[in-house]
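Numbering-wise (our numbering), the sequence shown opens with residue 78 and increments by one.
C-beta: ideal position from N, C-alpha, C; glycine also.
None of these values were measured; they are calculated from a predicted model.
One structure below.
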Amino acid sequence: MNKSDLIAAVADKAGLSKVQASAAVEAAIDSIVDKLKQGEEVRLVGFGTFEVVQRAAGVGRNLRTGQAIKIPASKTPKFRAGQVLKDAINR
78 MNKSDLIAAV ADKAGLSKVQ ASAAVEAAID SIVDKLKQGE EVRLVGFGTF EVVQRAAGVG
138 RNLRTGQAIK IPASKTPKFR AGQVLKDAIN R
């Protein structure tokens, strides 16, 4: 499922037009991204938790030359599925 499929599904289930569903999906995604940028976690009870985790700096290797390269520290988004979502998938 891609973003346009998600918008169509939201429109169908919520009885909205695709324009309204698109605005709702965009607003939800933007809100999640804004909170993650601020370093906050976003908990959607029953669905899961979005959070930002710090990745440590490290050393990697260029596979063509074998030369060691430095990989800088970075932040990355992480999603942990909630129990309700896990149960729904495993039924």
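Legend entry - Top-ranked residue by Cα proximity to A158, from F127, R138 and R132: With distances taken between Cα atoms, A158 lies closest to F127.
Inset, instruction - With DSSP collapsed to three states, give me the class of A134. - result: Correct three-state label for A134: coil.
Inset, instruction - Excluding the 5 residues preceding and the 5 following S94 in the sequence, name in chain order all residues of the same chain whose CB lies nearer than 7 angstroms to its CB. - result: Answer for S94: A88, listed in chain order.
Legend entry - Delimiting residues of the beta strand (DSSP E) encompassing S151: Looking at the DSSP string, the run of the beta strand (DSSP E) that includes S151 is S151 to A158.
Inset, instruction - Could you tell me the distance, in whole angstroms, from the CA atom of L162 to the CA atom of L121? - result: Between L162 and L121, the C-alpha separation is close to 11 angstroms.
Inset, instruction - Using three-state DSSP, classify E118 as helix, strand or coil. - result: The answer is coil: DSSP assigns E118 none of H, G, I, E or B.
Inset, instruction - Compare the Cα-Cα distances from L113 to each of R168, L83 and K152 and report the closest residue. - result: Selected option, being the one with the closest Cα: K152.
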